[in-house]
Amino acid sequence: MKLLGSFGVAFLLSSAFLGAYGITPAQGQSTQVVNQLPPALRAAVLSGNSAAIIAAINTLSAGNPALAASLAAQTASFGESMIATNPQAAIAITQAALTVASRADVQAAAPQQAMMIASASARVVASPAVQQANPSAVAAVTTALVRVASNPAVFATSPTLGAAIAQSSIAVANALSSTNSTQAVAIRQSVQQMTSNPQLLAISSTLANVNTQQQQQQQTQQNGVGQGQATPPSDSTDIPVVVEPDSESQNNASPT
């Protein structure tokens, strides 16, 4: 994915905000990503404040949903890069990016980027470190990302990613069952709606298999509870990282 080019004072601002807000990206991918964000968005991202990130994206996109999607995708990329070093920041940044991707106008204007944001978000919430850092936020983000991926236009951009997201979200629900049972149920319900959607099933046989597997797990869980047995958690599904081709909105947004 092509990233927005840095502006004239990018590195000066980056150094200032790193010290001021305490979110220090590790060397490597996260540093590269954050240094190429527009200064205003970089400041918001480094603050770790979801509302500030959303406000920055809204201001910079100036009513252009395709540009908002591009900015949110870059934000999601940075959030994912923070998993190992700051899982709390990772989920907060991811939640902001996903909020933008949840907008109907963004999904209509840039369905492929909406799917990319949903898949990046799925990889973040699948992290045990992130789940431990903020299980409530993980549950909320998981439910939201399933809804984004459930949009037929978004799902159609990559049925493979969509099915992987559904499977991975079930694993997240299983992981949260003991500590956030109500929210885990909400995740399963959102996945059930996704895997039962005729429009999605028409273009993905894999999604039908996920639906069948979920029903079998629920039946096993019910039987296990009745017999006083614990149900082993389902293995998580890796969400593939897909490199998005250059888009017009990205080219317009980047001076490079």
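With the sequence shown counted from 1, adding 10 to any position gets you the working numbering.
All C-beta atoms in this analysis are idealised placements derived from N, C-alpha and C, irrespective of residue type, glycine included.
Whose CA, out of 84, 169, 130, lies closest to the CA of residue 204? 169
Indicate whether residue 140 and residue 103 have their beta-carbon atoms separated by less than 8 Å. no
Would you tell me roughly how many angstroms separate the C-alpha atoms of residue 143 and residue 90, rounded to the nearest one? 14 Å
Could you check the C-alpha separation between residue 162 and residue 129 for me, to the nearest Å? 15 Å
Span of the alpha helix (DSSP H) around residue 146: 145-160
Backbone CA spacing between residue 63 and residue 51 [nearest angstrom]: 6 Å
Going residue by residue through the stretch 79-147, where are the continuous alpha helix (DSSP H) segments of at least 4 residues, counting only ones entirely within it? 97-111, 114-119, 121-135, 138-143
What separation, rounded to the nearest whole angstrom, lies between the Cα atoms of residue 179 and residue 198? 8 Å
Check the Cβ-Cβ distances between residue 225 and every residue of chain B, and say whether any is below 8 Å. In the displayed structure, chain B is absent; only one protein chain is listed.
How is residue 48 classed by DSSP in three states: helix, strand or coil? coil
Sub-8 Å separation of residue 65 and residue 111 beta-carbons: no
With DSSP run on the structure shown, which of helix, strand or coil describes residue 190? coil
Between the C-alpha atoms of residue 171 and residue 132, what's the straight-line distance to the nearest angstrom? 10 Å
Looking at the secondary structure, which residues open and close the alpha helix (DSSP H) in which residue 61 lies? 60-71
With 16 other CB atoms within 10 Å as the buried threshold, where does residue 213 fall? exposed
By Cβ distance below 6 Å, which residues in the same chain neighbour residue 109 in space, the five residues on each side in sequence not counted? 64
How long is the line joining the alpha carbons of residue 46 and residue 70, rounded to whole angstroms? 14 Å
Looking at residue 127: is its Cβ nearer than 8 Å to the Cβ of residue 82? yes
When you compare each of 166, 177, 183 to residue 148 by their alpha carbons, which one comes out closest? 183
Could you tell me if residue 192 is buried or exposed, where buried requires 16 or more neighbouring beta carbons within 10 angstroms of its beta carbon? exposed
Reduced DSSP secondary structure (H/G/I, E/B, other) of residue 197: helix
In whole angstroms, what is the alpha-carbon distance linking residue 155 and residue 221? 17 Å
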